[in-house]
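Just so you know, the numbering used here puts 313 at position 284 of the first sequence, and the rest follows in order with no gaps.
All C-beta atoms, glycine included, are put in the ideal place defined by N, C-alpha and C.
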Amino acid sequence: MDFKAIEEKWQQRYEEAKVFEPVVEPGRPKYFINFPYPYMNGFFHIGRAFSGIRAEVMGRYKLMQGYNTLFPFAFHCTGTPIVAAAERIAEGEKKQMDILRKMGIPESEIPKFADPVYWTEFFPRETTKDLKRIGAAVDWSRTFITTSLNPCYDHFIQWQMRKLKAGGYIVMGEHPVVWCPHCKSPVGDHGRLEGEGVTPEEIYLIKFKLGETVLPCGTYRPETTFGVTNLWLNPEVTYVRAKVNDEEWLVTEATIEKLKNQKFVVQELERVPGKAMIGKKVLNQVTGSMIPILPATFVEPETGTGVVMSVPAHAPYDFAALRDIENNLQKSGLTPDVISDIKLIPLIKIEGYGKFPAKEIVEGMNIRDQDDPKLEEATKEIYKKEFHTGVLNENTGKYAGKKVMEAKMELVSDFVHEDKAAIFYELPETVQCRCLTKCVVKIVSDQWFLNYSNPIWKAQAHKAIANMQLFPEKVRRQFDYVVDWLKDWACTREYGLGTELPWDRRWVVESLSDSTIYMAYYTIARYVQHPEKYGIRPEQLTDAFFDYVFLSIGDGNEVAKTTGISRDLLDAMKREFEYWYPFDLRNSGKDLVQNHLTFAIFNHTAIFPEKHWPRGMSANGFLQLDGQKMSTSKGNVYTLRQICDMYGADATRLTLMYGGEGLEDPNWDSEFARGASPKLAQWYEFAVENYGRGRDDEKFIDRWLESVATRTIRQTKEAMDRMEFRTAIQRGYFDMQRYLRWYIRRSPVPNKRVISWFIEAQTKILAPFCPHICEEIWEKIGGQGFIARAAYPSWDEAAPVDESIEKSEDFIRSVIEDILEIVEVAQLKDAKNVNIYTADDWKYRALQLATGKNMGQAMKDVMADPEMRKAGKEVSKYVGKVISDRLVPSGVDEKAVLGEAQDFIGQEVGMRVVLNPAEDPENKRRHAIPGRPALLIK
RNA sequence: GCGGGGGUUGCCAAGCGGUCAAAGGCGCAGGGCUUAGGACCCUGUCUCGAAGGAGUUCGCGAGUUCGAUUCUCGUCCCCCGCACCA
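Okay, here's the thing in C-alpha cells:
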C-alpha cells in the first residue's frame with residue numbers, strides 16, 4: 030500500500046477544498062483551538078509535534094462533532110537565540126555551523142544563516158512543509174511570524190503594551206540579573222559556557238561594627254546572628270576600607286566590584302591587610318555583645334564579602350576553625366584570653382541533636398580541621414535540618430519559639446529596617462559567559478515589569494481559571510499555585526528580535542510578553558496578513574483600529590475614516606473576532622503552565638472583558654523516545670520531518686497519540702510505529718472488502734457486536750472529550766478490533782447492515798488520528814465528502830447496550846476456556862467428546878434468593894422454600910459459597926445460550942459437544958453451579 | 001528545599017476498597033493459514049498443577065479493614081517547574 034501517495038493525495042485535496050479554513054458562520058457553534066507558536070531556531074521537534082498534534086486531533090474531533098473549528102498556526106521569532114546563533118554563524122563558529130549541518134542544511138546554504146532574518150524565513154517555511162506533510166488540519170490563511178519583521182503583528186504588540194501600561198499593569202523597577210561585565214548584558218542559560226540554571230540568590234549582610242567601621246558579614250542564615258561568637262577574616266587576604274553609601278565598610282577587594290553592580294555607591298579609601306585586623310573586637314548590633322576577629326583560611330575573598338561571622342554552635346566550619354585555633358594557639362598569634370572568652374552559643378533546637386549540633390556533627394564525622402572536605406556535607410545536613418525543623422531558643426528575643434523557616438524573613442526585614450543588615454545577591458555557583466568572562470550579579474534598573482505580583486490582578490487570574498476547562502483537571506492546582514507564586518516579570522530586553530517598546534525605544538518587548546494574547550490576532554490575520562487581497566497597510570493598524578475590532582471601543586465610521594480601512598472590512602474583522610473569541614482550548618507541554626499559559630491568562634484578564642477570557646487550557650508531558658529522555662547528548666533527538674520520513678504521516682500520528690496522556694511523560698514506541706502502517710493497511714482492506722456485503726438475517730451475535738461496539742463508541746467519545754487520546758485509541762481501535770475479530774470468528778459471514786455500520790464507525794474513530802487512510806477508505810466505501818467533516822459516530826440511545834447479550838457471550842467464552850484448560854492440565858489432547866451439564870434449577874433459585882444477603886438471612890430465605898429443604902446439606906453448602914464469593918445472578922439463560930453456540934464451541938475446542946445428556950458416568954452434574962456448568966471430557 | 005506529577009507483571013500502560021494474577025499494546029514462545037511470510041488468525045507468556053485449582057506479587061516499611069494494587073502514615077527513587085528565558 031502506497032501510504033505516501035495516499036497522504037499526498039488527501040493533503041492536496043484538503044488544500045484545494047480549504048477544508049480547514051473556516052469562515053464565520055453565524056449561528057453555528059465554533060471551536061477555536063490553538064497551540065503556542067514554536068520558536069524558529071530549528072526544525073519542528075518531534076516532542077513539540079506531540080503537543081501540537083494533540084491540539085490538532087482535538088480540532089479534527091470537534092469538527093466531526095459539528096463545530097466550526099479553527100486551528101491556526103504561527104511562528105515565534107522574538108528574542109535572542111536566533112540573533113545569537115546568526116552572529117555565531119557570521120563569526121564562523123564551528124559548533125553553531127555543526128548544529129545546522131546536523132539539521133541537514135547543505136554546506137552552501139549555511140552562510141545565509143549569518144543573517145537572523147534568514148532564519149525567520151527559512152524555518153517557518155520548512156516547518157509549514159513539515160506540518161502539511163503530517164496532515165495537520167491548520168488554517169494556513171492565518172499564519173504569520175512575530176517581531177518587527179512583521180509590521181502588522183508589530184503594531185498589534187505595540188497596542189497590547191500601551192493597553193497594559195494604560196491599565197497600570199506595567200511598572201518600572203529594578204531586579205538582579207546574571208551579568209557579563211565584558212558583554213555588558215544579562216546572560217541567559219543559552220549564553221553560558223558554565224553555570225546552567227544558576228540564578229542570583231539573596232544573601233544577607235549582617236553589619237558588625239568596629240567603631241564607625243562596618244564589617245558586613247555575608248550569610249544565608251541571618252537568624253544565627255544571635256549565636257555569633259567571633260568574626261573570621263582571612264589573614265592572607267587584603268581588605269579594603271571603603272565608603273559605601275553613607276557608611277564606612279571593610280570588605281575584600283573582590284567585593285568592591287560586586288557592590289558597585291548592586292547599586293551601592295562605593296568609594297575606596299585604603300587597603301588593610303587581613304592580618305592587621307585579627308584580635309580586634311567588634312560589636313554585634315543585634316545582641317549588643319563585643320566579639321573578637323579571628324583568623325580563618327577557609328574564608329574565600331571572592332565569596333560574599335570576605336568577612337564572615339562565626340556561629341560555632343550551629344555552623345560546622347566555624348566550629349572546626351575555632352577548634353583549630355585552640356589546638357594551635359601559637360600559630361595564630363593570639364593570646365589565650367581572646368579564646369578563653371569564647372563560649373558556644375546555642376540558639377536553635379532540633380530533634381536528634383543536643384545543644385551544639387555543629388560540635389556533634391564535626392566530632393561524629395571525624396572532621397580533622399577547617400580544610401576537611403567533609404565539612405561541606407556536614408554544613409548541608411545541619412542547615413537543612415535547622416531550617417526546616419528548627420525552633421529558635423529563648424535567647425533570640427521576640428523570635429523565640431518560632432520556627433526558623435517562619436522567623437527568617439521577619440527577622441531579615443527587622444534587621445534591614447534597623448540598619449543592622451543589608452540585602453545582597455550572590456551567585457551560588459560560577460557562571461561563565463560564552464565570551465569566557467566570569468559573570469556577576471547586576472541590579473538592572475529602569476526595567477519595565479508586568480506587575481503580576483499585583484493581588485488584584487492575581488484575583489482576576491484566579492477567577493478566570495475557576496471558569497476554565499482544564500485537561501487534565503489535575504493542572505488546576507498548579508495554575509492556581511503559579512498565579513500566587515508569580516512575581517513581577519521583566520517584560521523588556523535590550524537585545525534581540527522583537528517589537529520596540531512604544532514609549533521607550535531603547536527596549537524590545539521580551540519574548541514571553543509578546544505572546545500572551547496573540548490568539549486574538551489569529552482571528553483577523555487572514556485579513557491583515559494578506560495585503561494582496563484586502564490592501565491593508567501596517568500603518569493603518571492604529572490603536573483605534575484594535576480598540577474597535579477587539580474591544581468595541583469607538584465609532585466604526587470614525588475608525589474607518591482615521592485608518593482608511595473601509596467600514597465593511599473593519600466590521601468583517603470585528604465579526605470574525607467576536608465569532609471566534611474567546612479561544613476554547615490551548616494545548617502545550619506542561620512546562621508552559623508555569624509561565625506562558627499563566628501569562629496568557631493574566632493578560633487576557635487585563636485587556637479583554639470577561640466574556641473573552643480563555644475557556645480552556647490543556648497540558649501534556651514530554652515525549653520520551655523508546656523510554657529514554659530525548660537529549661542532544663544521547664543523540665536521540667528527532668525532528669518531525671525525520672520521523673515522518675521513517676514511518677509516514679498516519680503511523681506517526683497514531684504512534685504519537687498512543688504514546689500517552691495526562692501529565693506523565695508519553696513515550697514514542699518505535700516498535701509500535703513500525704507496526705502501525707501494516708495495521709492500518711489491514712483495516713483498509715477489511716473495510717473496503719466487507720462494506721455493504723454479508724447476509725441479511727440477524728443473529729444473536731449481530732446484536733452482540735452492536736451492543737459492545739455501542740458501549741465502546743461511547744467510551745471512546747468520552748475519552749476524546751477529555752483529550753485522553755491514548756484511552757480513545759485503546760477503546761476505539763484496539764477494543765473495537767478485538768470485538769470484530771471475535772464477531773468474525775463467531776460468524777464468518779457478517780450481517781450486512783451491522784458490518785457496514787461498524788466499518789463506518791471504526792473508520793471515523795480513527796479519522797482524527799490517521800486522517801489520510803481514513804479519507805481513502807471513506808472514498809472507497811462511498812462516503813459523502815471528506816471524512817474529516819463527517820459526523821462522529823453516535824449510537825442509538827433507544828437501543829442501548831444489552832448487558833445480558835454481552836454476559837451470554839462472556840459465558841460462552843468462559844466455557845470454552847474452561848474446556849481448553851482442562852484439556853491442557855489433564856492432558857486430554859485426544860479427547861473427542863465433551864458433556865456440558867448446566868446447574869440444577871434449584872441452584873439458580875437459591876442464588877436469586879441468597880445474593881447480596883448475609884449468611885443468616887440468606888439461609889432463612891432459601892430454606893423457606895420446601896423444595897430447597899429437600900436438598901438440605903447441598904443447599905447450605907452452595908448458599909455459603911454464594912455469600913463468601915459474593916456471587917450474583919447473571920441473567921443468562923445458560924441452556925439456551927449453550928444450545929445456540931453448541932456448534933461453535935465444538936469447533937473451537939475440536940470436540941463433539943453434548944449438552945445436558947441424561948447419562949453422567951462420573952457424577953459431574955452435581956458440581957455445576959450457575960455460570961459454571963460441569964464438564965466431562967472424554 | 002519548595003510546588004506539581006509519578007513509581008503496576010520483560011517493556012509501554014490501565015486499574016484506585018472486594019468481581020484483580022491484575023485490561024490493552026509491544027516483545028517473546030507455540031500452533032494455524034495445505035510453499036514462504038517483518039502480513040493475518042488462534043493459544044500461551046509470575047510459580048506450581050494428570051479436571052476447570054492453589055500459591056506468591058502491584059517501589060520499600062508499618063497501619064486501618066472481614067478484605068488493599070486501591071485508604072492512612074512513614075521512607076526511598078524518577079519526571080516537570082522554581083523565572084527574566086525559549
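Practice task
Check whether the stretch 466-479 touches the stretch 196-203, taking contact to mean three or more Cβ pairs, one atom from each stretch, closer than 8 Å.
Solution key: yes
Problem - Distance CB(V336)-CB(P245) smaller than 8 Å - result: Within the first sequence, numbered from 1, the residue matching residue 336 stands at position 307. Within the first sequence, numbered from 1, the residue matching residue 245 stands at position 216. Yes.
Problem - I128 vs T149 beta-carbon contact at 8 Å - result: The residue labelled residue 128 in the question sits at position 99 within the first sequence. The residue labelled residue 149 in the question sits at position 120 within the first sequence. No, the Cβ-Cβ distance between I128 and T149 is not below 8 Å.
Practice task
Kindly list the residues whose CB is nearer than 6 Å to the CB of V943, restricted to its own chain and excluding five residues on each side of it in sequence; keep chain order.
Solution key: On the first sequence, residue 943 is found 914 positions in, with the first residue counted as 1. Around V943: N864.
Practice task
Evaluate A104 with the Cβ neighbour count: other Cβ atoms within 10 Å of its Cβ, from every protein chain shown; 16 or more gives buried, anything less gives exposed.
Solution key: Against the first sequence, residue 104 aligns to sequence position 75. A small fix is needed here, since residue 104 is Phe in this sequence, not Ala. Per the 10 Å Cβ criterion, buried.
Exercise for the section: Would you kindly work out how many angstroms separate the C-alpha atoms of Y762 and A710, rounded to a whole number? Expected result: Translated into positions along the first sequence, residue 762 becomes position 733. Translated into positions along the first sequence, residue 710 becomes position 681. Those two C-alpha atoms are separated by around 14 Å.
Exercise for the section: Determine the direct distance from the alpha carbon of F840 to that of Q886, and round the result to whole angstroms. Expected result: Taking the first sequence and counting its residues from 1, the one referred to as residue 886 is at position 857. Taking the first sequence and counting its residues from 1, the one referred to as residue 840 is at position 811. So the alpha carbons of these two residues sit roughly 29 Å apart.
Practice task
Measure from the alpha carbon of T332 to the alpha carbon of each residue in Q291, P457, A387, then state which is nearest.
Solution key: To locate residue 332, count along the first sequence from 1; it is residue 303. Of Q291, P457, A387, the residue nearest in Cα terms is P457.
Practice task
Output yes or no for whether 8 Å exceeds the beta carbon distance between I788 and I810.
Solution key: Within the first sequence, numbered from 1, the residue matching residue 788 stands at position 759. Within the first sequence, numbered from 1, the residue matching residue 810 stands at position 781. Contact flag set, yes.
Handout entry: Completely contained alpha helix (DSSP H) runs for the stretch 278-359, where each covers 4 or more residues
Key = 282-290, 303-306, 345-356
Exercise for the section: Go ahead and pull the three-state DSSP assignment for G527. Expected result: Along the first sequence, read from residue 1 onward, the residue named residue 527 stands at position 498. Looking at G527 - three-state DSSP - the assignment turns out to be coil, as it is neither helix nor strand.
Exercise for the section: Evaluate V854 with the Cβ neighbour count: other Cβ atoms within 10 Å of its Cβ, from every protein chain shown; 16 or more gives buried, anything less gives exposed. Expected result: Working through the first sequence from its first residue, we reach residue 854 at position 825. V854 should be labelled exposed.
Exercise for the section: Have a look at S80 and N63 and give me their C-alpha separation to the nearest angstrom. Expected result: As a working note, residue 80 is residue 51 in the first sequence. As a working note, residue 63 is residue 34 in the first sequence. Between S80 and N63, the C-alpha separation is close to 10 Å.
Practice task
Would you mind working out which of R760, M897, I802, R740 sits nearest E826, comparing C-alpha positions?
Solution key: Position 797 of the first sequence, counting from 1, holds the residue named residue 826. Measuring from the Cα of E826, the nearest candidate turns out to be R740.
Practice task
Give the range of the beta strand (DSSP E) segment to which D475 is assigned.
Solution key: Along the first sequence, read from residue 1 onward, the residue named residue 475 stands at position 446. Segment 469-479, the beta strand (DSSP E) holding D475.
Practice task
Please report the residue range of the alpha helix (DSSP H) in which E45 lies.
Solution key: Counting from one through the first sequence, the residue named residue 45 turns up at place 16. First-last of the alpha helix (DSSP H) with E45: 32-46.
Exercise for the section: Could you tell me whether the stretch 89-102 touches the stretch 44-62, using the rule of 3 or more Cβ pairs below 8 Å? Expected result: yes
Handout entry: Residue environment, W532, which counts as buried when at least 16 other CB atoms sit within 10 Å
Key = Counting from one through the first sequence, the residue named residue 532 turns up at place 503. With fewer than 16 Cβ atoms within 10 Å of its Cβ, W532 is classed as exposed.
Practice task
Whole angstroms is fine: what's the gap from E45's alpha carbon to K59's?
Solution key: Within the first sequence, numbered from 1, the residue matching residue 45 stands at position 16. Within the first sequence, numbered from 1, the residue matching residue 59 stands at position 30. About 22 Å.
Handout entry: Secondary structure of M940, DSSP reduced to three states
Key = Within the first sequence, numbered from 1, the residue matching residue 940 stands at position 911. If DSSP states are grouped into helix, strand and coil, M940 belongs with coil.
Problem - Assigned exposure category for C464 - 16 Cβ within 10 Å defines buried - result: Locating residue 464 in the first sequence gives position 435, counting from the first residue. Exposed is the call here.
Exercise for the section: For the stretch 482-552, list the alpha helix (DSSP H) runs that are entirely contained and at least 4 residues long, ordered along the chain. Expected result: 484-495, 504-514
Handout entry: Cβ contact check for the stretch 506-516 and the stretch 81-88: 3 or more pairs under 8 Å
Key = no
Problem - Assigned secondary structure, F237 (DSSP; H/G/I helix, E/B strand, else coil) - result: Mapped onto the first sequence, residue 237 falls at position 208. Three-state DSSP puts F237 in a strand.
Problem - E693 - DSSP class collapsed to helix/strand/coil - result: As a position in the first sequence, residue 693 is number 664, starting the count at 1. Reduced to three states, the DSSP call for E693 is coil.
Exercise for the section: Quick one: residues in its chain with C-beta nearer than 6 Å to the C-beta of A796, no 5 flanking neighbours on either side, listed in chain order? Expected result: Mapped onto the first sequence, residue 796 falls at position 767. Here the set comprises C803, I816.
Problem - Contact under 8 Å by Cβ, P959 with A868 - result: What you label residue 959 is simply residue 930 of the first sequence in a count that begins at 1. What you label residue 868 is simply residue 839 of the first sequence in a count that begins at 1. Yes.
Practice task
Give the DSSP-derived three-state secondary structure of F104 in the structure shown.
Solution key: Start at 1 with the first residue of the first sequence, and residue 104 comes out as number 75. Strand.
Exercise for the section: To the nearest angstrom, report how far apart A504 and K292 are at their CA atoms. Expected result: For the purposes of this step, residue 504 is taken as the residue at position 475 of the first sequence. For the purposes of this step, residue 292 is taken as the residue at position 263 of the first sequence. The question names Ala, yet the displayed sequence has Val at residue 504. So the alpha carbons of these two residues sit roughly 40 Å apart.
Practice task
Taking 8 Å as the threshold, find out whether the stretch 605-622 comes into contact with the stretch 636-656 through three or more Cβ pairs.
Solution key: yes
Practice task
Would you kindly work out how many angstroms separate the C-alpha atoms of R352 and T284, rounded to a whole number?
Solution key: Taking the first sequence and counting its residues from 1, the one referred to as residue 352 is at position 323. Taking the first sequence and counting its residues from 1, the one referred to as residue 284 is at position 255. Each residue's Cα considered, the two are about 28 Å apart.
Exercise for the section: Please state whether DSSP places C209 in a helix, a strand or coil. Expected result: Within the first sequence, numbered from 1, the residue matching residue 209 stands at position 180. Reduced to three states, the DSSP call for C209 is strand.
Handout entry: Sequence-distant residues of the same chain with beta carbon closer than 6 Å to N290, five excluded per side
Key = Sequence index remark: in the first sequence, residue 290 carries index 261 (1-based). Excluding positions up to five away in sequence, the list reads V469, K471.
Problem - Exposed unless 16 or more other CB atoms sit within 10 angstroms - verdict on T521 - result: For this step, residue 521 is matched to residue 492 along the first sequence. By the 10 Å Cβ count, T521 comes out buried.
Problem - K861 in three-state terms, based on DSSP - result: Taking the first sequence and counting its residues from 1, the one referred to as residue 861 is at position 832. Of the three classes helix, strand and coil, the one that applies to K861 here is coil, per DSSP.
Practice task
For Y577, collect the residues of the same chain with a Cβ closer than 6 Å to its Cβ; drop the 5 residues on either side in sequence, then sort them by chain order.
Solution key: Your numbering for residue 577 matches position 548 in the first sequence. Same-chain partners within the cutoff: G583, V588.
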